[in-house]
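Input: a single structure, listed below in structure tokens.
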Amino acid sequence: MSTDTETHQAGQAGQTETWFEAAKKIYPMATHGKFRRIKWGLLFLTLGIYYFLPFIRYDRGPDAPSQAVLVDMENRRAYFFFIEIWPQEVYYLTGLLIIAAVALFLMNAVAGRIWCGYLCPQTVWTDLFLWVERKVEGDRRERMALDKEPLSFGKVRKRITKHFFWLMIAWWTGGAWVLYFNDAPTLVWQLLTFQAPMVAYVWIAILTSTTYLLAGFMREQVCIYMCPWPRIQAALTDEKALNVTYLWDRGEPRGSLKQNRKLAEQGMPAGDCIDCYQCFQVCPTGVDIRKGMQLDCIQCGLCIDACDNVMTKIGKPTGLIGYDTDENIQRRIEGKEPVYEIVRPRTIIYAAVIVLVGAIMLFTLLNRDFADISVLHDRNPVFVELSDGSVRNGYTVRLSNKRLHSRSFMLHVEGMPPNTSVEAIGVDTSFAGRPILEVGPDTTREVRVLVTSPGWEKLPPSTPVTFRITESVMGEVVTAKDTFKAPDRP
Amino acid sequence: MADIHNKEIDQVSGVETTGHEWDGLKELNNPLPKWWLYLFYVTIVWAVIYWVLYPSWPLISSYTTGILGANQRAEAIAAYEEVIAGRSEFADKVVATPLEDIGKDQQLLQFALANGQAAFGDNCAPCHGGGGAGSEGYPNLQDDTWIWGGTLEDIHTSLQYGIRSDHDEARFGEMPAFGRDELLTGEEIDQVANFVASRVGLTAEEGVDLAAGQTLYADNCAACHGESLEGIQEVGAPSLMSANYLYGKSLADIKAQIDTPRNGVMPAWAGRLDPATIKSLTLYVHSFGGGI
Ligand code: SF4
Ligand code: SF4
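These protein sequences, in sequence, are chains B and X.
The opening position of the first sequence corresponds to residue 1 in UniProt numbering, with each subsequent residue numbered one higher.
The opening position of the second sequence corresponds to residue 1 in UniProt numbering, with each subsequent residue numbered one higher.
Listed below in structure tokens is the structure:
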């Protein structure tokens with residue numbers, strides 16, 4: 001290959017490193033074992049949630065959507081089972097993002113890139129796509145052979161089948177996404193009858209193509225070249241984090257099974273590694289873990305399964321490759337016993353932050369107001385003098401009723417002299433001179449409120465007032481602050 | 001330019017150079033990636049297709065229209081008409097509902113207030129101010145001093161026909177120019193002005209005969225402004241007991257108004273604005289606080 005010669009030339013010219021290397025295709029081999037089972041389990045769990053969650057119903061009464069998890073863009077509401085989020089409450093999202101970030105840090109402190117190996121969508125979908133590939137085209141050897149084969153009917157048929165299933169999964173992935181933004185059963189029907197809104201088709205197209213490309217073709221390249229997390233996590237990690245590690249002190253010197261047995265019989269040093277390359281062949285990112293910790297390793301544990309299977313077969317104890325810490329590698333060199341410290345300041349702090357943020361969110365969620373009031377003072381004019389000398393201020397008051405039934409609120413303006421009158425335009429009902437405002441289920445209502453103070457009251461140019469609404473049945477109280485402006489009279 | 005016949009190969013990379021050299025640095029001749037090149041060709045093809053389908057090339061007095069007949073102006077007009085049609089449902093309801101009853105339908109009231117607010121900004125704000133607070137000569141619509149009445153019905157009438165406008169049904173009332181037309185002498189004007197001032201909380205000038213002023217008021221002013229200065233809305237004579245005077249509340253202002261009164265004009269909006277908009281404006285203006 002020309003690149004090889006060029007590299008050679010470069011080497012001769014004194015340059016030791018090439019800047020570019022064509023990507024090598026990786027043919028991960030199937031394996032089985034403990035970590036493979038965990039990965040299948042998590043795959044079923046996460047994809048199951050993603051694909052089917054929109055179909056779960058949750059009864060919220062007649063006027064509200066009955067989808068358990070729904071982001072209703074049109075009416076600007078988000079629903080999660082019993083939680084309903086209004087646009088002004090999106091700060092909950094901030095909380096979730098903080099928790100997600102710290103959870104990632106915590107995972108990293110415990111076991112490095114473990115998120116990458118088990119839960120990252122890129123890994124999960126790639127795993128699923130690889131499974132399809134294996135079912136259609138066979139395992140590692142068969143796929144490698146198939147790639148070399150000249151074009152034939154059988155090859156084309158296999159390729160078409162594979163891409164068909166890939167596209168189906170990708171399409172379903174995009175389809176499930178849009179179901180979170182609309183009533184799922186209705187939308188499915190609309191999609192089938194080509195009546196769904198254009199934006200739904202556009203999103204399905206986008207997510208179908210990204211899933212197909214990223215999980216079908218990009219695979220480990222995403223983890224190695226595109227994803228920022230490996231760089232960040234490498235900077236965050238410490239020597240006590242568990243990482244997939246080859247116990248070289250036990251494995252070396254490696255050699256073929258026969259050779260190592262012979263060495264052992266002669267009383268020469270012989271390692272347990274039989275250089276069978278199983279660990280390398282099952283690796284989805286093409287890492288030879290025996291070379292030590294590498295940026296490319298996503299901590300999926302499949303090489304552990306592969307090597308354990310080999311060890312069992314040759315009658316050696318398992319665990320030649322296993323989760324271990326940098327510290328223990330060092331300790332083994334020094335001949336000390338390994339230690340495992342999962343609980344340490346770092347993990348405690350991360351866990352505490354998660355618990356704290358979670359607790360704050362839960363607290364605010366449970367104690368949040370189901371009513372809201374906002375007041376906007378008229379700017380032009382800020383006050384009006386009436387014919388008898390009284391002073392009137394106009395306000396635009398917006399009430400929100402976050403309950404799913406209609407409720408009435410009594411409006412009271414505090415901080416004004418007793419003879420002040422409060423009037424709400426378009427509202428006739430009142431109690432003791434306080435307007436009663438009815439607000440429909442899950443809506444806001446805007447009213448113009450006029451506050452008038454009699455002329456004989458000497459008011460300062462600005463009086464702080466509190467707008468207080470009291471809900472008629474439960475007595476829920478919400479307030480907002482504003483001012484009452486008056487002319488600066490001697 | 002590169003010498004085509006004398007290609008130079010870069011020692012380190014083994015790549016041909018273009019022959020360009022800057023301060024000893026030579027430019028390598030690395031071709032563009034294939035995918036990039038193909039994408040470029042695709043954009044060219046795309047452009048040609050676009051020229052055929054859509055308006056694109058300017059001509060001297062027009063432009064190529066494209067075979068799809070796309071026309072953004074037509075789309076905008078259609079969208080505009082759609083909005084109008086969507087609104088007309090509410091607008092029709094506003095027209096059909098009596099003014100007092102519109103407030104009973106929350107949705108209708110919200111529509112009318114929003115519609116009125118928009119129309120106010122376009123048509124009324126230049127004189128009455130953005131918030132309706134007016135200024136000297138332009139009544140404050142936020143207070144309760146209503147020269148021609150501040151009920152929904154009164155406001156509606158004023159809006160439709162205007163004040164001293166050229167509409168046949170315009171509200172009409174004019175204060176005589178007592179000074180300019182020599183109906184009263186200068187001294188009499190001083191007397192009646194001081195009388196009014198003394199009644200509405202202003203300090204009267206010293207040495208002016210207030211009793212004479214009172215008689216003059218009863219003879220000349222009471223017919224319109226009422227026996228006790230309370231004003232008469234039917235003739236558009238404002239209450240003089242109000243804190244708010246249209247042309248200023250000072251002795252000098254009062255004298256000026258008796259001498260040479262100003263009589264403002266408000267245009268009639270009937271015929272210029274549709275009935276639904278006028279009704280919406282009525283409700284919006286009334287929501288400032290209204291009055292009687
Ligand atoms: S080296 Fe092992 S743990 Fe790391 S990515 Fe490869 S198979 Fe997974
Ligand atoms: S699978 Fe185990 S025995 Fe085989 S090469 Fe890898 S480390 Fe050595």
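Don't be surprised by glycine CBs; every beta carbon is placed ideally from N, CA and C.
Keep in mind the model is a prediction, meaning the values are calculated, not measured.
Do X:L113 and X:S287 have their CB atoms nearer than 8 Å? Translated into the one-based positions of the second sequence, residue 113 of chain X becomes position 113. Translated into the one-based positions of the second sequence, residue 287 of chain X becomes position 287. Yes, Cβ-Cβ distance for X:L113 and X:S287 is below 8 Å.
Could you check which residue in B:F52, B:P62 and B:L295 has the C-alpha nearest to that of B:W177? Locating residue 177 of chain B in the first sequence gives position 177, where the first residue counts as 1. Closest option to B:W177, Cα to Cα, is B:F52.
At what residues does the beta strand (DSSP E) containing B:M410 begin and finish? Here residue 410 of chain B refers to the residue found at position 410 of the first sequence. Run containing B:M410: R407 to E414, per the beta strand (DSSP E) assignment.
Should X:Q117 and X:Y247 be called a contact, given that it needs their Cβ atoms to be closer than 8 Å? Looking up residue 117 of chain X in the second sequence gives position 117. Looking up residue 247 of chain X in the second sequence gives position 247. No, Cβ-Cβ distance for X:Q117 and X:Y247 is not below 8 Å.
Once you ignore the five residues that flank X:Q214 on each side, which residues in its own chain have a CB closer than 6 Å to its CB? Within the second sequence, the letter at position 214 stands for residue 214 of chain X. Result list for X:Q214: F195, in chain order.
Measuring alpha carbon to alpha carbon, tell me which residue in B:N419, B:A103, B:F82 and B:W125 is nearest B:F44. Counting from 1 along the first sequence, the entry for residue 44 of chain B is found at position 44. Selected option, being the one with the closest Cα: B:W125.
Once you ignore the five residues that flank B:S481 on each side, which residues in its own chain have a CB closer than 6 Å to its CB? In the first sequence, residue 481 of chain B corresponds to position 481, counting from 1. It is Lys, not Ser, that sits at residue 481 of chain B in the sequence shown. Excluding positions up to five away in sequence, the list reads T466.
In this structure, how does DSSP classify B:N393 when only helix, strand and coil are distinguished? What you label residue 393 of chain B is simply residue 393 of the first sequence in a count that begins at 1. Here B:N393 sits in strand by DSSP.
Can you tell me where the alpha helix (DSSP H) with B:V202 in it begins and where it stops? What you label residue 202 of chain B is simply residue 202 of the first sequence in a count that begins at 1. M198 to L213 is the span of the alpha helix (DSSP H), which, as asked, contains B:V202.
At least three beta-carbon pairs within less than 8 Å, the segment 60-69 of chain B to the segment 77-94 of chain B: yes
Chain-order list of residues whose beta-carbon lies under 8 Å from that of X:I189 (same chain, five-residue window excluded): As a first step, residue 189 of chain X must be located in the second sequence, where it is residue number 189. Correct list, in chain order: F178, G179, K255, I258 and D259.
In whole angstroms, what separates the C-alpha of B:E438 from that of X:A79? Numbered from its first residue, the first sequence carries residue 438 of chain B at position 438. Numbered from its first residue, the second sequence carries residue 79 of chain X at position 79. Rounded to whole angstroms, B:E438 to X:A79 spans 35 Å at the Cα level.
Less than 7 Å separating the Cβ of residue 293 of chain X from some heavy atom of ligand 1? This structure leaves residue 293 of chain X out entirely; chain X is present only between 1 and 292.
Measuring only between beta-carbons, confirm whether B:N380 sits less than 8 Å from chain X. For the purposes of this step, residue 380 of chain B is identified with residue 380 of the first sequence, where counting begins at 1. By this cut-off, B:N380 is an interface position.
Out of B:P54, B:Q278 and B:I348, which one is the CA nearest neighbour of B:V188? What you label residue 188 of chain B is simply residue 188 of the first sequence in a count that begins at 1. Among B:P54, B:Q278 and B:I348, the Cα nearest to that of B:V188 is on B:P54.
For a contact meaning CB atoms closer than 8 Å, what does B:V384 contact in chain X? In the first sequence, the residue the question calls residue 384 of chain B occupies position 384. Chain X residues near B:V384: A133, N140, Q142, D143 and G289.
Nearest-angstrom Cα distance between B:I314 and B:E265? As a working mapping, residue 314 of chain B is identified with position 314 in the first sequence. As a working mapping, residue 265 of chain B is identified with position 265 in the first sequence. Taking the straight line from one Cα to the other gives about 16 Å.
Flag B:L320 as yes when its Cβ comes closer than 7 Å to any non-hydrogen atom of ligand 2, and as no otherwise. Position 320 of the first sequence, counted from the first residue, corresponds to residue 320 of chain B. Yes, ligand 2 has a heavy atom inside 7 Å of this Cβ.
Hey, B:V413 and B:V451: beta-carbon distance below 8 Å or not? Reading the first sequence from its first residue, position 413 is the one you call residue 413 of chain B. Reading the first sequence from its first residue, position 451 is the one you call residue 451 of chain B. In contact: B:V413 and B:V451 (Cβ atoms closer than 8 Å).
Output the distance between the C-alpha atoms of B:E337 and B:I160, rounded to the nearest integer angstrom. The residue labelled residue 337 of chain B in the question sits at position 337 within the first sequence. The residue labelled residue 160 of chain B in the question sits at position 160 within the first sequence. Cα to Cα, B:E337 sits roughly 54 Å from B:I160.
For B:D305, verify whether its CB is less than 7 Å away from any heavy atom of ligand 2. Indexing the first sequence from 1 puts residue 305 of chain B at position 305. B:D305: no, Cβ never under 7 Å from ligand 2.
How many Å lie between B:T184 and B:I56 at the Cα? Translated into the one-based positions of the first sequence, residue 184 of chain B becomes position 184. Translated into the one-based positions of the first sequence, residue 56 of chain B becomes position 56. The sequence shown places Ala at residue 184 of chain B, not Thr. Looking at the two C-alpha atoms, the distance is approximately 9 Å.
Expressed to the nearest angstrom, what Euclidean distance is found between the alpha-carbon atoms of B:L213 and B:R143? In the first sequence, counting from the first residue as 1, residue 213 of chain B sits at position 213. In the first sequence, counting from the first residue as 1, residue 143 of chain B sits at position 143. Between B:L213 and B:R143, the C-alpha separation is close to 19 Å.
Are the CB atoms of X:N123 and X:L273 within a distance shorter than 8 Å? The count along the second sequence starts at 1 and reaches residue 273 of chain X at position 273. The count along the second sequence starts at 1 and reaches residue 123 of chain X at position 123. Closer than 8 Å, so yes.
Within 8 Å of any Cβ in chain X, is that where the Cβ of B:G433 sits? Taking the first sequence and counting its residues from 1, one reaches residue 433 of chain B at position 433. Chain X contact via Cβ: absent.
Counting along the chain, where does the alpha helix (DSSP H) carrying B:N260 start and finish? Within the first sequence, numbered from 1, the residue matching residue 260 of chain B stands at position 260. Note, B:N260: alpha helix (DSSP H), L257 to E265.
Is any heavy atom of ligand 2 found at a distance shorter than 7 Å from the C-beta of B:I329? The residue given as residue 329 of chain B occupies position 329 in the first sequence. False, no ligand heavy atom lies under 7 Å from that Cβ.
How would you label B:S256, buried or exposed, when you count the other beta carbons within 10 angstroms and need 16 or more for buried? Residue mapping note: residue 256 of chain B aligns to position 256 of the first sequence, counting from 1. Result: exposed.
Taking only heavy atoms of ligand 1 into account, decide whether any of them is closer than 7 Å to the Cβ of B:C297. To locate residue 297 of chain B, count along the first sequence from 1; it is residue 297. Yes, the Cβ of B:C297 comes within 7 Å of a heavy atom of ligand 1.
With respect to the alpha helix (DSSP H) encompassing X:E81, which residues constitute its N-terminal and C-terminal limits? Against the second sequence, residue 81 of chain X aligns to sequence position 81. That run of the alpha helix (DSSP H) goes Q72 to A96.
With H, G and I counted as helix, E and B as strand and the rest as coil, what does DSSP make of X:D259? By one-based count along the second sequence, residue 259 of chain X stands at place 259. Residue state, collapsed to three classes: helix.
Please go through the same chain and pick out, in chain order, the residues whose beta-carbon is closer than 8 Å to the beta-carbon of B:L386, but skip the five residues on each side of it. Numbered from its first residue, the first sequence carries residue 386 of chain B at position 386. So the list reads R392, T452 and G455, once near-sequence residues are dropped.
Would you mind listing the alpha helix (DSSP H) stretches within the UniProt domain "4Fe-4S ferredoxin-type" (218-325) of chain B that are 4+ residues and don't spill past its ends, in chain order? At a cut-off of 4 residues, the continuous stretches assigned as alpha helix (DSSP H) that sit fully inside the UniProt domain "4Fe-4S ferredoxin-type" (218-325) of chain B are 229-236, 248-251, 257-265, 278-281 and 302-313.
With hydrogens ignored, establish whether the beta-carbon of B:Q278 is closer than 7 Å to any heavy atom of ligand 2. Here residue 278 of chain B corresponds to residue number 278 of the first sequence, with the count starting at 1. Within the cutoff, so yes.
Answer with buried or exposed for X:H128, where buried requires no fewer than 16 other C-beta atoms within 10 angstroms of its C-beta. Position 128 of the second sequence holds residue 128 of chain X. Buried.
If we count the other Cβ atoms within 10 Å of its Cβ and call it buried at 16 or more, is B:K485 buried or exposed? Taking the first sequence and counting its residues from 1, one reaches residue 485 of chain B at position 485. When all chains shown are included, B:K485 counts as buried.
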